[in-house]
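*Asks:*
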Amino acid sequence: MTRARTVLDYSELMKRLVDQAKQPGFTAQSWAPLAELIDTENFVRVGNFKEVMNWGEYVTFLTNWATSSEWDATFKRVTEAGDVVFLELEERSRIGEFSNSVNSVSVYEFGSTGKIVRIDVYLQMALPDPDMLASYEGVEI
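Residue numbers (the working numbering): -9 to 131.
(1) Using only the alpha-carbon positions, how far apart do S1 and P120 sit?
(2) Once the 5 residues before and after L52 are set aside, which same chain residues still bring their CB inside 7 Å of it?
(3) Can you round the beta-carbon distance between I109 and S96 to whole angstroms, since I take them to be within the 8 Å contact cut?
(4) Could you give the distance in angstroms between the alpha-carbon of P59 and the alpha-carbon of F88?
(5) Would you mind sorting F33 into buried or exposed? The rule is 16 or more other CB atoms within 10 Å of its CB.
(6) Report the residue ranges of all beta strand (DSSP E) runs contained in full by the region 19 to 66; include only those spanning at least 3 residues, in chain order.
(7) Under 8 Å, do K66 and E81 count as touching if we go by C-beta distance?
(8) Hey, quick one: how far does the alpha helix (DSSP H) through V(-3) stretch, first residue to last?
(9) So what does T69 bridge to, in DSSP terms?
(10) Just to confirm my understanding: we take Y98, look at its own chain, exclude 5 residues before and 5 after, and list those with CB closer than 6 Å. What are they?
(11) Closest by CA to S102, which one among D29, I85, Y112?
(12) My guess is that S94 and V111 are in contact by the Cβ rule of under 8 Å, so how many angstroms apart are they, rounded?
(13) Taking the beta carbon of A116 as the centre, do at least 16 other beta carbons fall within 10 Å, making it buried, or is it exposed?
(14) What residues match up with D110 in a beta bridge as DSSP calls it?
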């Protein structure tokens, strides 16, 4: 499997899990299928606001976000160069009454095991509503 295909699979799996997160019984353990694509011991994610998370922190963040949000994305482009894949999406989300659309580029870095070790997220977006930032409470930036 190419690294670009792995990133596309990651995105499709993310969509399915975010949708499933509204069902009873969804927990941090529900992200296990996504973890199969990740080097969980060495993983780092640098997010929208330059916050840095390891796998455990990211799973906690994802669980809190996914259980309260609707999310969808439209594929724009994927580019693979060596151990790095660039994924461009138009992402749409809704949290309560707040909804937005952003253009994103996520840079996925793969380690020697062929698993994702790092994701860096870059966004083009309008300034967010301060209430939306509540989900980042307690995350060190």
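Even for Gly, the Cβ is constructed at its ideal location relative to N, Cα and C.
*Replies:* The relevant details are as follows:
(1) 27 Å
(2) W21
(3) 6 Å
(4) Note that residue 59 corresponds to Ser in the displayed sequence, not to Pro. If you take the alpha carbons of S59 and F88, they lie about 10 Å apart.
(5) buried
(6) 34 to 36
(7) no
(8) -7 to 10
(9) F76
(10) V(-3), V75, I106, I109
(11) D29
(12) 6 Å
(13) exposed
(14) V36, V97
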